[in-house]
Amino acid sequence: MATPVFYVASPLGERTAGPEALTQLVDAIRRRGVEAYLIPMRNYRGRRNDPEYDIYDFEVRESIQDPRSAYFVSSEVSPIESRREFRQVPAERTWMGWFSVNNSPDPRARYFRPSEQCCSPFPPGHVPETPSGPASWSLGVAAPGPFPILKEAARRTGGWRNPRAWAIEDISMHYARSVIGSGVSFFAQSYYAQGFVRQVLGAKAPIITDPIRVVEVSGGHRERDVVLYNKAKSWSLIDDVARLLPEVRFRAIEGMSFQEVAEALSTATVYLELGHLPGRDRMPREAAHFGTPVVCLARGAGYCWQDVPLPVEYRVPYGEGWAAVAADAVRRVLDDPAHAAEDQASYRSWVAGERGRYEAAVDEWLAAALSR
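Going by the numbering used here, the sequence shown opens with residue 2, and the numbers climb by one from there.
This is the structure:
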């Protein structure tokens, strides 16, 4: 076989954690002396990476040059955009990375909710004070009866009035299901994703997460009683907490560059995460890096202690009365930020160790891939 070449599909032009993680993977492969490129997903608007990712070593190729020596990596988000590459590269040299489980077009992933079958909500040896612990959810499914995928496609596109839209969605969903079941291999960005692959797909998925980017900040003073939140993920629930804390200043992170996000996180008193995390989110980890205490709602990957290993008093069960529990946790931090920072020292240490774990995981995965 000719010299191996890895092609990693990415929604070029997007400035989100997914494209950065995919770029990081290309960079990591190239640092090991193996040829690797990003390849555009067909119908996304970009043909090049966001300039913020120029800090990584990568190149873009428009197509696979020689399928006989190619290895292909896709994410779960929209496999149909890479159908050409899936046809070119055999399943034994193809991987699907599960970065944001609930953004997959496959309804099994879209409606997946964690339980203790997926991952543990508590650290080893912890016995919850109440039997329920962080709330668990059941696995959602597509609409029952005949043509369930078609019905789900229509539901997602607003009904039956736009046949072109729901027909395209139906094709995308069926294609995702076919790729997932075609014998490709998987890896997971989070234990939440790993639990989904194991529990629903009956397959293995080693963890290859995405270490946070580290930048220098100005080192300004912390603003007392300022709580930051990610508007894109917490917008629907933030008012439920804010009305219980009228004296607190809640500030949204939106429309910022990465440097501006880092500056904001480094000067806040608390970072509050209320989103349903489809993977191991970066902002809680970035906040921890800057020494800012985190309060997290146990939703999505936030349910999995191995993805958000905060002390239990800072992880809020998403059940009846959750907003009051979250407000109490935020108030606890505001009353004594130094004590909260001390409580979360182990979380900061875990975040600091991610780079080493990532490099080791890539070494192991790449060695296994090249042995095929």
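We treat Cβ as the ideally placed atom computed from N, Cα and C, and that holds for glycine.
On a predicted model such as this, the values are computed, not experimentally measured, just so you know.
1. Is the number of C-beta pairs between the segment 210-230 and the segment 108-120 that are closer than 8 Å three or more?
2. Quick check: the segment 238-254 against the segment 69-89, are there 3 or more CB pairs under 8 Å?
3. Quick check on the DSSP output: the alpha helix (DSSP H) that includes Thr24 runs from which residue to which?
4. Could you check where the alpha helix (DSSP H) with Gly357 kicks off and where it finishes?
5. Specify, as a first and last residue, the run of the alpha helix (DSSP H) that Gly184 falls within.
6. Would you call the segment 334-345 and the segment 14-24 touching, i.e. three or more CB-CB distances under 8 Å?
7. Three or more C-beta pairs closer than 8 Å, one from the segment 101-110 and one from the segment 184-198: is that the case here?
8. Counting beta carbon pairs with one atom in the segment 21-37 and one in the segment 87-95, are three or more of them shorter than 8 Å?
9. Exposed or buried, what is Leu311 when buried is set at 16 or more other beta-carbons lying within 10 Å of its beta-carbon?
10. Under three-state DSSP, which class holds Met42?
11. Taking buried to mean at least 16 other C-beta atoms within 10 Å of its own C-beta, is Pro294 buried or exposed?
12. Where does Ala3 sit, in a helix, a strand or coil, going by DSSP?
13. To the nearest angstrom, report how far apart Arg385 and Glu365 are at their CA atoms.
14. Can you tell me the Cα-Cα spacing of Val262 and Ile254, whole angstroms?
15. Starting from Ile172, follow its DSSP beta bridges and name the residues at the other end.
16. Run through the segment 260-340 for me and flag every whole alpha helix (DSSP H) of 4 or more residues, listed as ranges in chain order.
17. Can you say whether Arg356 is buried or exposed, counting buried as having 16 or more other CB atoms within 10 angstroms of its CB?
18. Assign Ile208 to one of three DSSP states: helix, strand, or coil.
19. List in chain order: all unbroken alpha helix (DSSP H) runs of 4+ residues lying wholly within the segment 58-99.
Result, derived from the coordinates:
1. With contact defined as three or more Cβ pairs closer than 8 Å, the segment 210-230 and the segment 108-120 are not in contact.
2. Touching, no, given that fewer than three Cβ pairs across the two stretches are closer than 8 Å.
3. Where Thr24 is concerned, the enclosing alpha helix (DSSP H) stretches over Ala18 to Arg32.
4. In the DSSP annotation of this structure, the continuous segment of the alpha helix (DSSP H) that includes Gly357 starts and ends at Glu355 to Leu371.
5. Taken as a continuous stretch (DSSP letters only), Gly184 belongs to no alpha helix (DSSP H), as it is neither H nor E.
6. Cβ pair count under 8 Å is below three, so no.
7. Under the three-pair Cβ rule at 8 Å, the segment 101-110 counts as touching the segment 184-198.
8. As far as the Cβ criterion goes, the segment 87-95 does not touch the segment 21-37, which means the pair count is below three.
9. Under the 10 Å beta carbon count, Leu311 is surrounded by 16 or more other beta carbons and is classified as buried.
10. Met42: coil per DSSP, three-state reduction.
11. By the beta-carbon neighbour count (other beta carbons within 10 angstroms, threshold 16), Pro294 is buried.
12. DSSP places Ala3 in coil when its eight states are reduced to three.
13. What the structure shows of the chain is the stretch from 2 to 373, and residue 385 is not part of that stretch, so it cannot be assessed.
14. Val262 and Ile254 have their C-alpha atoms roughly 7 Å apart.
15. According to DSSP, Ile172 bridges with nothing at all.
16. 283-290 and 323-336, all fully within the segment 260-340.
17. An exposed status is given to Arg356, since fewer than 16 other beta-carbon atoms sit within 10 Å of its beta-carbon.
18. Strand, per DSSP.
19. Qualifying alpha helix (DSSP H) stretches, in chain order: 84-89.
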